[in-house]
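Q:
There are 2 protein chains.
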Amino acid sequence: MTDPVLVEVLRGAVVESRHRGAVAVVDADGASVLALGDIDRPVFPRSAVKALQALRLIETGAADRYGLTDQELALACASHNGEPGHVATAQAMLARIGLDATALRCGAHPPMHMPSLVALCRAGVEPSALHNNCSGKHAGFLCLACALGADPRGYLEPDHPVQREVKATIESVTGATLGDDCRGVDGCSVPTWAVPLKHLALGFARLGTGHGLAPERAKAAARLRAACATHPWHVAGTGRFCTEVMQRLGARAFVKVGAEGVYLGTLPEAGLGIAVKCDDGGARAAEVVMAALIMRFGKLSEAERAAVDHLVRPTLRNWNGIAIGALRPTAILVG
Amino acid sequence: MTDPVLVEVLRGAVVESRHRGAVAVVDADGASVLALGDIDRPVFPRSAVKALQALRLIETGAADRYGLTDQELALACASHNGEPGHVATAQAMLARIGLDATALRCGAHPPMHMPSLVALCRAGVEPSALHNNCSGKHAGFLCLACALGADPRGYLEPDHPVQREVKATIESVTGATLGDDCRGVDGCSVPTWAVPLKHLALGFARLGTGHGLAPERAKAAARLRAACATHPWHVAGTGRFCTEVMQRLGARAFVKVGAEGVYLGTLPEAGLGIAVKCDDGGARAAEVVMAALIMRFGKLSEAERAAVDHLVRPTLRNWNGIAIGALRPTAILVG
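So the protein lines, in turn, are chains H and V.
Okay, so the first sequence: first residue is 0 according to numbering that gives the first Met the number 0, each after it adds one.
Okay, so the second sequence: first residue is 0 according to numbering that gives the first Met the number 0, each after it adds one.
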């Protein structure tokens, strides 16, 4: 099955590049609202399921026992920019369980946020694991390990209690079975499982509505969504799509990027879950697709539509700031 | 027409992403050796035609008049990393015509080479137009403007003598007509025209063999290729695909990347030109396609095949250095 073109990249009046992909929009009963392309093919959700990976942190009582703030819960769901505030929040999470950056196994990388990278270089400081965009998730895993009474040192291993609990949670929420044949290693070294797009959309419809979840899980999901809606900067950072969407729409949309062209989201008021995979892994296209779907299904006011319109058709500028083209969703997305 | 999948991205044993695209391989008479996907669709070659844009610099005598070195000619054909040596070479080119960085109209951007970016930040220096990957091409344009007796200030305008000469050269070498309906503005603000892939491949077959070119042009092409083969670091830089291919194969392959998934190349001994466009603009896939085509058509020795094999199937590693997957060309490319 050939997935359809979802986004075109224009230079002047010419289509310069094209992104294909698949989209599943479902309600919390799994009823399909929109299906484009192959939504049965397993897709690695990567960082887009961090909120699902954080559910046990709440359900086990770890968040309360260690007194995690809403900013810290948002960071547990984040792929953050490595800005100073993100780094400090990750550090604070670790301090709550008596650990520090040396306990993180995610690896170090430079901050994604250029001014933060420049400031770090100017200060002569090497990037650490705290700057890794996944450091909040990892700090959350370490909190969960402590709450479970497990040795935190092996927390990345697939058979560690933390990863076993996370896997069971994803299986339960998405309704998919995660077999070893669909397991890979993520950028931050945690196990990741490929899941059919329609199941990821269902998982996010449940995450957004609580429908189909046990009461404790529905409560944990609502708490994580509220933390992210209140602190969207902690979920990504300055200039980032996830942050801007939640800054503009608040609790009406929870969206989360994953590497390789994945976007997952839920529109709680519409009762919908959304799963996007850009075939080629292109993040720019996945953002446009998600923006177009929010516009289509989000029951937005005129003011909200105006506020997110530039995300649906972003202008492309060159190094001199000249507008040289644009991204645009294709007709099948706009509906 | 749906272009075929050319490159798969594996995570573990699962295909995580897929890149489609088109490929034209032709000889200097325009006879097709390999055609995959839509090779008639106009494609912006972007920076991949810098060598064609530099031909007039030699033919007009500008290179000799201003005493440009082979390193400087290679830089005129380059999308460089902004490493200190690249910056110094661009500066030296401008000094030969009594100009400096203020004459460049390409805009400033941080060096693509991370250690150079870090060093710049540590020194508290802002990136300038000299760090722009196109600064050598622009310095070449300014040399050409001076040689033509034209005011260098407007050298980016489509009706400036420099751009008129460049356009006529690309039309002549590729055999394509460049209409205003196919004109865009490039990342560095020069005009760029979309050209069918088969014409770009023909242009590079001619560039590599001199066949089909006037004697002066064939000589200029050979001089540029020799400069790039002798100084491949100046064409891109540390860790870059173009540089590594030419370091390993010398004058047997001239390859040049363009933005948005373009790669152009020529295998002079095989008498072939190669044009690649990854539909989605993915640079990683365009590199794999070019590597696979060099392997297939380059008449390489066993030692040379061993030296470029890692470019055909690059291993993907995460932030901890763990091998988590690979890129691989599909069967239609390997032949």
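Backbone N, C-alpha and C define an ideal beta-carbon position, used for all residues, glycine too.
Check for me: the alpha helix (DSSP H) holding proline 214(H) runs from which residue to which?
A: Start and end: 214 to 229.
Q: Do alanine 138(H) and alanine 75(H) count as a contact pair if the criterion is CB distance below 8 Å?
A: Their beta carbons are under 8 Å apart, which means alanine 75(H) touches alanine 138(H) by this criterion.
Q: Give the residues of chain H in contact with phenylalanine 43(V), contact being defined as C-beta atoms less than 8 Å apart.
A: Correct list: Arg10, Val13, Glu15.
Q: What do you reckon, are the CB atoms on serine 188(V) and leucine 155(V) nearer than 8 Å?
A: Cβ atoms of serine 188(V) and leucine 155(V): closer than 8 Å.
Q: I need the straight-line Cα distance from aspartate 180(V) to alanine 12(H), nearest angstrom please.
A: One C-alpha to the other measures close to 7 Å.
Q: Quick one: Cα of valine 4(H) to Cα of leucine 35(V), how far?
A: Cα-Cα distance, rounded: 19 Å.
Q: Nearest-angstrom Cα distance between threonine 88(V) and aspartate 158(V)?
A: Their Cα atoms are separated by approximately 28 Å.
Q: Could you check whether the stretch 191 to 198 of chain H touches the stretch 228 to 242 of chain H, counting it as contact only if at least three pairs of C-beta atoms, one from each stretch, sit closer than 8 Å?
A: No: the two stretches stay apart, fewer than three of their Cβ pairs being nearer than 8 Å.
Q: What residues from chain H crowd round serine 46(V), counting only those whose CB sits closer than 9 Å?
A: The premise fails here: serine 46(V) is roughly 13 Å from chain H at the closest Cβ pair, so nothing lies under 9 Å.
Q: Measure from the alpha carbon of alanine 305(H) to the alpha carbon of each residue in Tyr262(H), Arg316(H), Val244(H), then state which is nearest.
A: Comparing Cα positions, the closest option is Val244(H).
Q: Hey, does serine 188(V) have any beta-carbon neighbour from chain H nearer than 8 Å?
A: Yes, serine 188(V) lies at the interface with chain H (some Cβ there is under 8 Å from its Cβ).
Q: Quick one: list the residues of chain V neighbouring glutamate 156(H), beta-carbon separation under 9 Å, in chain order.
A: What glutamate 156(H) touches in chain V: nothing, since even the nearest Cβ is about 13 Å away.
Q: If we define contact as Cβ-Cβ less than 8 Å, is glycine 238(H) a contact residue for chain V?
A: With 8 Å as the cut-off, glycine 238(H) does not count as an interface residue toward chain V.
Q: Of the choices Phe203(V), Ala290(V), Asp185(V), Lys298(V), whose alpha-carbon is the least far from that of proline 328(V)?
A: Residue Ala290(V) is the option with its Cα nearest to proline 328(V).
Q: Report yes or no: do three or more beta-carbon pairs, one from the stretch 310 to 319 of chain H and one from the stretch 98 to 114 of chain V, lie closer than 8 Å?
A: The stretch 310 to 319 of chain H, when compared against the stretch 98 to 114 of chain V, does touch it at the 8 Å Cβ threshold.
Q: Could you name the residues of the stretch 307 to 323 of chain V whose beta carbon sits closer than 9 Å to any beta carbon of chain H, in the order they occur along the chain?
A: Going along the stretch 307 to 323 of chain V in chain order, one finds Asn317, Trp318, Asn319, Gly320, Ile321, Ala322, Ile323 with a Cβ nearer than 9 Å to chain H.
Q: Looking at C-alpha atoms only, which residue of Met113(H), Asn131(H), Cys133(H) is the closest neighbour of glutamate 125(V)?
A: Out of Met113(H), Asn131(H), Cys133(H), Met113(H) has the C-alpha closest to the C-alpha of glutamate 125(V).
Q: Between which two residues does the alpha helix (DSSP H) holding glutamate 286(V) run?
A: 282 to 296 is the extent of the alpha helix (DSSP H) around glutamate 286(V).
Q: How many whole angstroms separate the CB atoms of valine 275(H) and valine 22(H), which I take to be in contact at a CB cut-off of 8 Å?
A: Sure, about 5 Å apart at Cβ, within 8 Å.
Q: Between Gln90(H), Asp63(H), Ala219(H), Glu15(H), which has its C-alpha nearest alanine 53(H)'s C-alpha?
A: It is Ala219(H).
Q: Measuring CA to CA, which of Asp2(H), Val14(H), Gly81(H) is closest to alanine 128(H)?
A: Comparing Cα-Cα distances from alanine 128(H) to each of Asp2(H), Val14(H), Gly81(H), the minimum goes to Gly81(H).
Q: Leaving out five residues on either side along the sequence, give the residues of the same chain with a beta carbon under 8 Å from the beta carbon of cysteine 145(V).
A: Cβ within range, chain order: Ala61, Tyr65, Ile96, Pro151.
Q: Judging by CA-CA distance, which residue of Ala226(H), Met0(H), Val8(H), Thr1(H) is the nearest neighbour of glycine 281(V)?
A: Comparing Cα positions, the closest option is Val8(H).
Q: Looking only at its own chain, which residues have a Cβ that is under 8 Å from the Cβ of glutamine 90(H), when we skip the five neighbours before and after it?
A: So the list reads Asp99, Ala100, Leu129, once near-sequence residues are dropped.
Q: Mind listing the chain H neighbours of glutamate 259(V)? Cutoff is C-beta to C-beta under 9 Å, in chain order.
A: The contacting residues are Val8, Arg10, Glu15, Ser16.
Q: Going by the CB atoms, is the gap between alanine 204(V) and alanine 47(V) shorter than 8 Å?
A: Cβ atoms of alanine 47(V) and alanine 204(V): not closer than 8 Å.
Q: Can a CB atom of chain V be found closer than 8 Å to the CB of glycine 183(H)?
A: Taking Cβ atoms only, chain V reaches closer than 8 Å to glycine 183(H), which makes this a yes.
Q: Quick one, which of Ala258(H), Leu201(H), Val161(H) has its alpha-carbon nearest glycine 186(H)'s?
A: When only C-alpha atoms are compared, the closest one is Ala258(H).
Q: Name the chain H residues whose beta carbon is nearer than 9 Å to that of glycine 418(V)?
A: In the structure as shown, chain V begins at 0 and stops at 334. Residue 418(V) is therefore absent and cannot be evaluated.
Q: Quick check on alanine 167(H): buried or exposed, where buried means 16 or more other Cβ atoms within 10 Å of its Cβ?
A: So alanine 167(H) ends up on the exposed side.
Q: Would you list the residues sitting across from threonine 314(V) in a DSSP beta bridge?
A: Note: threonine 314(V) sits in a beta bridge opposite Ala325(V).
Q: Would asparagine 80(V) count as contacting chain H if we go by Cβ distances under 8 Å?
A: No, its Cβ sits nowhere closer than 8 Å to a Cβ of chain H.
Q: Using only CA atoms, which one of Gly202(H), Glu301(H), Ser31(H) lies nearest to glycine 264(H)?
A: Closest option to glycine 264(H), Cα to Cα, is Gly202(H).
Q: Would you call the CB atoms of alanine 24(H) and leucine 292(H) closer than 8 Å?
A: Residue identity check: residue 24(H) is valine in the sequence provided, not alanine. Cβ atoms of valine 24(H) and leucine 292(H): closer than 8 Å.
Q: Let me know the secondary structure DSSP gives leucine 147(H) once reduced to three states.
A: Helix at leucine 147(H).
Q: I think arginine 312(H) touches alanine 302(H), with their Cβ atoms under 8 Å apart; what is that distance to the nearest whole Å?
A: Actually they do not touch by this definition, with Cβ atoms about 18 Å apart.
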